[in-house]
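All remarks here apply to the structure that follows.
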Amino acid sequence: MATSYDGFYPWAPLGLRHECSSFTLDQFITRYRRALCEKLGWLIVMDKDQATKLDSTQTQSATSKEEVVRLTAEVKGLHGLKKKMEERGKRVTELEQKMTELEAAFQKAEEEFT
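Each residue of the sequence shown is one higher than the last, beginning at 1 in my numbering.
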């Protein structure tokens, strides 16, 4: 029983539609099933690629988060070090002032002694 399937292929070129119009229903179903299986196989490959990309992106995200945490801790440590250095700088300045005062007092005492 041959039936025309021109209505199923309105997008196909005329030659293909004429070729398809002589198909039997079984031939049409076989070709349609084969085309769907090929499309499904392509989609499965695409899904695997996308899953791989997603895994890679998630791994990069986790690595980036760990790096941010590490850098944040390092910045906090550097801020603490900066405060210590500022305190030491103030202490050094105080000691330098004291030393200048002592040198002035020493020179004054030396002048008085001589």
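Beta carbons are placed, not taken as given, at the ideal position from N, Cα and C, and that holds for glycine.
Local conformation of T114 per DSSP, three classes | coil
Just list the beta strand (DSSP E) runs in the stretch 78-108, keeping only unbroken ones of 3 residues or longer that don't cross its boundaries, in chain order.
-> none
DSSP state of T24 mapped onto helix, strand, coil | strand
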